[in-house]
Every structure is written in C-alpha cells, then in structure tokens.
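Worksheet: one structure, shown below.
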Amino acid sequence: QVQLVESGGGLVQAGGSLRLSCAASGRTFSRYNMGWFRQAPGKERELVAACTVGSTYYIDSVKGRFTISTDSGKNTVYLQMNSLKLEDTAVYYCAAKDSFLSREYEYWGQGTQVTVSS
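If you count by my numbering, then the sequence shown holds residues 15 to 132, one letter each, in order.
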C-alpha cells in the first residue's frame, strides 16, 4: 500500500522560509513521478512544482522562490520555499503517479498547512 507522508509545514512570517518533505512508502517512485500541489481556501488545487523529463515545472507565482528536489535513496521529495508571501498560504499536498507520462496523480498525502503571516 502506497503512503505519502508530508512534514515541515507551519506558521512563518512573510519573507521567511520553510522546507516541506514527503516520504513515500510502499513502492519506489522516480523523481519524475512526484510533485507538490497546494490548495488555498476557496481556490482550486494547483500544481506548484514537479520534475519533468529534461526540466522542472514551477507555477509562475513561485518561480525563483521555490525549489523541488528529491532523494531517491530515501524515496523522498522536498519543496524548499523561500521568500514566502501571504498568498503562499495553503494546504500543501505531495502527490505521486504511476507513469511519468500521465498528468494524473494517483497517490496523495494528507496535506500539510503552510500559513504565512504579515
């Protein structure tokens, strides 16, 4: 059974940093099969960052501030978030998919709250 467990969320002041971690168990995922999403209150869930073959995807609003990375030995994906803004406040979800060719993610973590205060 696949499980994704996020950690590292919390309350941070604007301009601060947080590092989210997501540990996968039950199977091994390639870096191309994992990503980070977020959902703010009243908004749709959006893909924040993901590794694609040959490049890395970031939503425009986090480019230059967030960095996704993976540790294949630990089957873990990270999201380093710097220069956090109020609008980054959301529940952040780690997700994984069976095929790197697919746009659909089959596996989801429980989410971790990130709150940025002024």
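Where a beta carbon is used, it is the ideal one built from N, C-alpha and C, also for glycine. A quick note: this is a predicted structure, and the numbers were derived from the prediction, not measured.
CA-to-CA distance, residue j to residue i, given in whole angstroms
i: arginine 41; j: valine 16; result: 6 Å
i: tyrosine 121; j: lysine 111; result: 6 Å
i: valine 67; j: tyrosine 46; result: 7 Å
i: tyrosine 119; j: tyrosine 71; result: 15 Å
i: aspartate 74; j: serine 39; result: 30 Å
i: phenylalanine 43; j: cysteine 65; result: 12 Å
Residue i in three-state terms, based on DSSP
i: tyrosine 119; result: coil
i: valine 76; result: helix
i: leucine 98; result: coil
Terminal residues of the beta strand (DSSP E) in which residue i lies
i: glycine 49; result: 48-53
i: serine 86; result: No beta strand (DSSP E) holds serine 86; DSSP gives it neither H nor E.
i: alanine 66; result: According to the sequence provided, residue 66 is threonine. The question's alanine does not apply to it. Looking at the DSSP string, the run of the beta strand (DSSP E) that includes threonine 66 is 60-66.
i: arginine 33; result: 32-39
i: alanine 28; result: Premise fails: alanine 28 is in no beta strand (DSSP E) and is neither H nor E.
i: valine 16; result: Note, valine 16: premise wrong, no beta strand (DSSP E); not H, not E.
i: threonine 126; result: 126-131
Distance CB(residue i)-CB(residue j) smaller than 8 Å
i: valine 130; j: leucine 98; result: yes
Evaluate the contact criterion for the stretch 98-115 versus the stretch 52-62: three or more CB pairs, one atom per stretch, below 8 Å. yes
Would you say the stretch 78-85 touches the stretch 17-27, given that touching needs at least three Cβ pairs under 8 Å? no
Validate contact between the stretch 28-35 and the stretch 61-77 using beta carbons, cut 8 Å, 3 pairs: no
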